[in-house]
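For reference, the structure is listed below as structure tokens.
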Amino acid sequence: MSESVLDILKLGSEAWTSAFNRQDAKGCAEQYVEDCVMVAKPFGQFKGRGEIEAFWQNIMDQGFNDVNYTDSEWEKVDEKSYILTSKWTMNKVYGVVHRELWTLQEDGTAKLTYDEFEVQGER
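Residues in the sequence shown are numbered consecutively from 1, following our numbering.
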């Protein structure tokens with residue numbers, strides 16, 4: 001394999017960001033495993049791609065866009081998984097990613113297996 005696990009996981013993260021920035025909630029949801037749990041503070045907990053896609057669609061429908069991650073750090077969990085922590089901004093709000101658990105799947109793709117982030121303020 002020419003790409004490292006971390007490189008593949010970073011591509012998954014970039015695919016999520018790209019989907020969000022083109023206002024593609026389905027594309028965002030496709031970056032999560034089917035039974036993923038997403039904790040979005042202060043909104044609540046969302047389980048599974050259907051609930052996660054609905055959450056992102058609602059956010060997009062309210063005019064939120066242009067997400068940008070800064071000060072990102074990747075911490076190795078095991079041979080197939082890393083945790084991403086980061087600050088982030090959108091056009092209307094900002095916050096932090098407490099824990100995005102990205103895991104290499106059997107098909108060679110990267111998927112979020114857990115996601116926890118927090119909105120910390122308005123811009």
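Note that CB positions come from ideal geometry on N, CA and C, so glycine has one too.
For clarity, every value in this text was computed on a predicted model and none was experimentally measured.
The C-alpha of residue 33 lies about 31 Å from the C-alpha of residue 123. Taken through DSSP and simplified to helix, strand or coil, residue 90 comes out as coil. When 3, 22, 6, 5 are compared, the shortest CA-CA separation from residue 68 is found for 22. For residue 24, the closest of 110, 59, 11 by C-alpha to C-alpha distance is 59. Less than 8 Å divides the Cβ of residue 121 from the Cβ of residue 93.
Here residue 31 carries a coil assignment [DSSP, helix/strand/coil]. Counting only runs of at least 4 residues, the segment 41-71 fully encloses the following alpha helix (DSSP H) elements, listed from N- to C-terminal order: 48-61. Here residue 4 carries a coil assignment [DSSP, helix/strand/coil]. Contact annotation: the segment 3-16 does not touch the segment 41-48, with fewer than three C-beta pairs closer than 8 Å.
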